Each structure stands twice: as C-alpha cells, then as structure tokens.
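Asks: Here it is, the structure, as structure tokens.
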Ligand SMILES: N[C@@H](CCC(=O)N[C@@H](CS)C(=O)NCC(=O)O)C(=O)O
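Listed below in structure tokens is the structure:
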C-alpha cells in the first residue's frame, strides 16, 4: 500500500502547520517515500478512528501503524533503513542523545514559539476547532491566549533557547552534522509551524543573514525540493 500520513489541517485545506506532522512529513521526504496525506480536524478525528490515537501524526503503511512523530522516525529507520538519505536517528547512542534534543525542543524552545504566535495560530485553525483548541490550551497555560501571546516575552525565551543551537551551527551546517536528520526535523518542526501561521519572525524585527541559525532555517526551508518554503502561509490565504 501507499503509506498514509494523517495530519492536522487548518481553516483552509492548504494550511498544514502542525509541528509534529511536519516532522513526519520531512522524515518521509528524507527517506524518499511519497505518502498520501489525509487531513483531520481537532474536532473530527474520524480519519484516525481505526487506531488507538487521539493525536496526529499517524502513519499507516505495510509494516503497521505508528502514532507519534518520534515513533515515526524509529519506524522509518526500522523498515526503510537505507532508503533516500539514510538513517534518521542511527544507533542506540544517537537515540539516547536525540531524546535530549526532543525534551529541549518541546519543553524549552516550543514555549517561546507558542507565545510568539498564539493568536495567529487560533486564526489559522479551522473555525470548528477554535473553541476546543483555545479552551484546552488556556487550561494548560493557566491564562487566556490574549495574555499568553506576548512577542516580547516570546523573543526573550527564544533568544535564550537559540543560544545552544547557534553555538552548534557555528561549527556545522546541520544539527545532525554535515547533512540533516532527525534532530534537524525535530527542531525545525517548530520553526515551520510558526512560519506558516504567522509573519512574526522569531529572530526579532530584523533578521541577521549572517546568523548561523537564520542560515540553517533557510537551508531547512530549501530541503527536499523546498517543501517547507512552498507550503502556503496563513497570510497568503484570505480568511
Ligand atoms: N507526541 C505527539 C504529539 C502530537 C500532537 O500533540 N499533535 C496535535 C496536533 S499538533 C494533536 O493531534 N492534538 C490533538 C488534540 O489536541 O486533540 C507527537 O510527537 O506526535
């Protein structure tokens, strides 16, 4: 069967911004695998009724069903080890190190991105999903989206969070070394999420083209035939 990737859609079907689904998309492209992309809404999860998941991405292929972006990396490495650009994660040592990158990205960096784009994100989400999404996240954050959305605070968080990334990328072109792999996709998922839903730069009012992190973001945008760069942004699609 053609692999099927179930992913979140926004107010327009061309708006696909979920950071976790982007990880899976990029991982499939890394392996050179063409998947059928099936959209889902927060409030209509019927497309993934066949499995035991309430979140996307979900990947279904000849080898089974994988219900988490990180598990999808592992699934693709296990079943398509040498396809495309080779391993996403690598050996057990690499896997252990990637766990750190995942925790860092999701627990430190993502908060900064979320505070940068919260209100834009609500506008990018499907109208049927807005109340569900906003009330679930407001309960988690303990404040309204209006309070949570704060570009100054966000840039402060991101400035600190970007320091280790800049240190690394000053010495090598990708998080994973000479070419991109799981660590790059894992982190870039949040960059492309923010890029699609909002025109506010995570780097400040002006971006420094000499910044190694800006340069990495541009390289990631160009990967796999520019799939991230070609993806429509919310500001390009009228409400
Ligand atoms: N641990 C999961 C997280 C996936 C996740 O949270 N996906 C969101 C979309 S960005 C979702 O499906 N949420 C459903 C909901 O909140 O009801 C992964 O990395 O795949």
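Residue numbers (my numbering): 341 to 579.
Backbone N, C-alpha and C define an ideal beta-carbon position, used for all residues, glycine too.
All of these numbers come straight from a predicted model, not from anything done at the bench.
(1) Roughly how far, in whole angstroms, is the beta-carbon of residue 424 from the beta-carbon of residue 371, given that I think they are within contact range, below 8 Å?
(2) Between residue 524 and residue 382, is the Cβ-Cβ spacing less than 8 Å?
(3) Are the segment 564-578 and the segment 346-357 touching by the rule of at least three beta carbon pairs closer than 8 Å?
(4) Within 10 angstroms of its Cβ, does residue 386 collect 16 or more other Cβ (buried), or is it exposed?
(5) Taking 7 Å as the cut-off, is the beta-carbon of residue 416 closer than that to any non-hydrogen atom of ligand 1?
(6) Any heavy atom of ligand 1 closer than 7 Å to the Cβ of residue 396?
(7) Taking the runs of the beta strand (DSSP E) that are 3 residues or longer, which of them lie wholly in the segment 384-448?
(8) Can you give me the start and stop residues for the alpha helix (DSSP H) that residue 560 sits inside?
(9) Evaluate residue 549 with the Cβ neighbour count: other Cβ atoms within 10 Å of its Cβ, from every protein chain shown; 16 or more gives buried, anything less gives exposed.
(10) Mind reading off the beta-carbon distance from residue 413 to residue 367? Whole number of angstroms is fine, and I expect it under 8 Å.
Replies: Working from what's here:
(1) In the chain shown, counting from the first residue as 1, residue 424 sits at position 84. In the chain shown, counting from the first residue as 1, residue 371 sits at position 31. At roughly 4 Å, the Cβ-Cβ gap stays under 8 Å, so residue 424 and residue 371 are in contact.
(2) The sequence position of residue 524 within the chain shown is 184, counting from 1. The sequence position of residue 382 within the chain shown is 42, counting from 1. Taking 8 Å as the Cβ cut-off, residue 524 and residue 382 do not qualify as a contacting pair.
(3) yes
(4) If you number the chain shown from 1, residue 386 lands on position 46. Looking at its Cβ environment, which holds fewer than 16 other Cβ atoms inside 10 Å, residue 386 is exposed.
(5) Looking up residue 416 in the chain shown gives position 76. False, no ligand heavy atom lies under 7 Å from that Cβ.
(6) Residue numbering aside, residue 396 sits at position 56 when the chain shown is read from its first letter. For ligand 1, at least one heavy atom lies less than 7 Å from the Cβ of residue 396.
(7) Restricting attention to beta strand (DSSP E) runs no shorter than 3 residues, the segment 384-448 encloses them at 398-401, 404-406, ordered along the chain.
(8) The residue given as residue 560 occupies position 220 in the chain shown. Unbroken alpha helix (DSSP H) run through residue 560: 552-570.
(9) Locating residue 549 in the chain shown gives position 209, where the first residue counts as 1. Label assigned to residue 549: exposed.
(10) Reading the chain shown from its first residue, position 73 is the one you call residue 413. Reading the chain shown from its first residue, position 27 is the one you call residue 367. Rounded, the Cβ-Cβ distance is 5 Å, consistent with contact.
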